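What follows is a short report on a single structure.
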Ligand code: SAM
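In UniProt numbering, the protein residues as written are 1 to 353.
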């Protein structure tokens with residue numbers, strides 16, 4: 001057996017690889033190897049989650065951000081962005097619409113916008129939970145104090161998405177002039193300790209990112225064991241310092257999705273909007289390579305285009321109902337079934353029982 005075939009068998013059978021083994025694999029994969037990898041990731045996903053794909057309604061409620069991440073279109077320094085902030089009443093109305101469309105998870109995402117104080121967020125979460133007690137609330141609002149995370153959890157938030165972005169300290173520090181590598185990790189650990197279902201993840205194709213850095217990302221995920229793993233290609237935005245960079249590819253991102261599935265098999269992995277932006281079939285291909293979640297956008301059409309983390313983001317002119325049914329058709333045509341349940345992670349379900 002060649003070294004490559006040994007590694008592909010090993011990761012499939014044991015869900016384990018060393019950093020050196022991952023790096024070797026990434027450096028030497030052929031197209032035929034990739035097909036084997038996707039097939040193993042698909043089988044592993046089927047074993048843990050069956051044929052189902054979970055839907056989450058994504059509300060991008062503010063594009064105001066105090067951070068200045070070099071890659072991001074809504075970074076504080078980008079003065080060309082028209083900023084918006086939805087009121088708690090508008091966010092509640094989005095949840096009402098999402099619920100009518102059948103969603104059982106509302107993902108509330110924003111830039112790091114401190115206008116939403118603890119009091120405002122606690123009140124909003126309580127109201128959503130009162131109206132829809134069976135639905136899950138996922139927050140993706142960036143770095144806050146541990147006390148805030150605790151308060152939001154106590155009043156009903158269930159999950160928290162915070163990509164680690166890159167597990168390589170040097171690369172992290174180059175890309176995040178206003179943030180600290182250790183702080184991001186401390187937030188993820190705190191969220192986990194509080195009891196949230198936690199989502200980490202990273203971008204593929206960042207400037208200066210090597211295979212060894214991507215191997216480090218996967219090793220970090222193996223250690224953290226998050227409930228959710230978001231992996232997307234970096235897509236350059238023209239109003240950022242990284243405008244002229246190349247960006248991630250579909251193929252490299254699919255390989256990382258498949259490896260994440262094999263190395264953290266019990267996780268929920270979205271087929272990201274960024275992949276759908278890079279290639280019209282990007283999300284379907286990710287579902288066939290081990291992903292099992294899709295997050296259709298339910299942000300009001302009036303502000304959608306202003307939440308431009310990168311350019312040409314798909315669904316900019318669509319309405320929430322368009323996205324809901326478009327996604328369902330896509331999932332079915334890729335050979336999967338839509339599941340509108342809460343879709344908790346296997347790890348979380350095992351801990352509860
Ligand atoms: N502020 C929150 C946080 O920091 O977790 C959530 C919002 S943040 C804009 C959501 C994610 O968008 C980031 O974690 C990052 O991975 C992704 N993102 C930002 N700019 C991107 C780009 N140019 N290409 C691809 N993904 C990008």
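All residues carry an ideal CB built from backbone N, CA and C; glycine is no exception. Just so you know, these numbers come straight off a predicted model, no measurement behind them.
- For the options 173, 168 and 249, the alpha carbon positioned closest to that of residue 282 is the one of 249.
- A buried status is given to residue 300, since no fewer than 16 other beta-carbon atoms sit within 10 Å of its beta-carbon.
- In terms of Cβ geometry, residue 228 and residue 188 do not form a close pair [threshold 9 Å].
- Taken through DSSP and simplified to helix, strand or coil, residue 276 comes out as helix.
- An exposed status is given to residue 28, since fewer than 16 other beta-carbon atoms sit within 10 Å of its beta-carbon.
- For the beta strand (DSSP E) assignment, the uninterrupted runs of no fewer than 3 residues enclosed by the segment 319 to 344 are, from N- to C-terminal side, 337 to 339.
- Here the segment 48 to 56 makes contact with the segment 291 to 298; the two share three or more CB pairs at distances below 8 Å.
- In this structure residue 343 is buried. Its beta-carbon is surrounded by 16 or more other beta-carbon atoms within 10 angstroms.
- Approximately 4 Å separates the beta-carbon atoms of residue 167 and residue 220; this is inside 8 Å, confirming the contact.
- For residue 277, same chain residues with a beta-carbon under 8 Å away, outside a window of 5 residues either side, are 235, 310, 312, 313 and 314 in chain order.
- Distances from the CA of residue 308 to each of 17, 18, 75 and 9 were compared; the closest alpha carbon is that of 75.
- In this structure, residue 295 has its beta carbon at no less than 8 Å from each heavy atom of ligand 1.
- Taking residue 285 as reference, the option from 117, 33, 41 and 107 with the minimal CA-CA separation is 41.
- Contiguous alpha helix (DSSP H) elements confined to the segment 164 to 230 occur at 169 to 175, 181 to 194 and 211 to 224, taking only those with 4 or more residues.
- Annotated as distal: residue 280 and residue 70, with beta-carbon spacing of 9 Å or more.
- In this structure, DSSP gives residue 153 a helical state, which the three-state scheme calls helix.
- Here DSSP, grouped into helix, strand and coil, assigns residue 302 to helix.
- In this structure, DSSP gives residue 106 an extended state, which the three-state scheme calls strand.
- The Cβ-Cβ distance between residue 215 and residue 19 falls below 9 Å.
- Measuring C-alpha to C-alpha distances from residue 352 to each of 332, 210 and 195 identifies 195 as the nearest.
- For ligand 1, no non-hydrogen atom lies closer than 8 Å to the CB of residue 254.
- In this structure, residue 111 has its beta carbon less than 8 Å from a heavy atom of ligand 1.
- DSSP lists 55 as the bridge partner or partners of residue 294.
- Closest in C-alpha terms to residue 128, from the list 98, 271, 169 and 192, comes 98.
- Between residue 140 and residue 109, the gap from beta carbon to beta carbon is short of 9 Å.
- Annotation: the continuous beta strand (DSSP E) that includes residue 159 extends over 159 to 161.
- Excluding five sequence positions before and after residue 68, the CB atoms of its chain that fall closer than 7 Å to its own CB belong to 75, 76, 77, 177 and 178, given in chain order.
- By the neighbour-count definition (other C-beta atoms within 10 Å, threshold 16), residue 6 is an exposed residue.
- Just measuring C-alpha positions, the residue of 165, 132, 121 and 170 sitting nearest residue 149 is 121.
- If you draw a 10 Å sphere on the C-beta of residue 63, you find 16 or more other C-beta atoms in it, and that means buried.
- DSSP places residue 139 within a strand segment (E or B) once states are collapsed to three.
- Across the set 33, 35, 45 and 30, the C-alpha of 45 shows the shortest separation from the C-alpha of residue 263.
- Under the DSSP assignment, residue 265 falls outside any alpha helix (DSSP H); it carries neither an H nor an E label.
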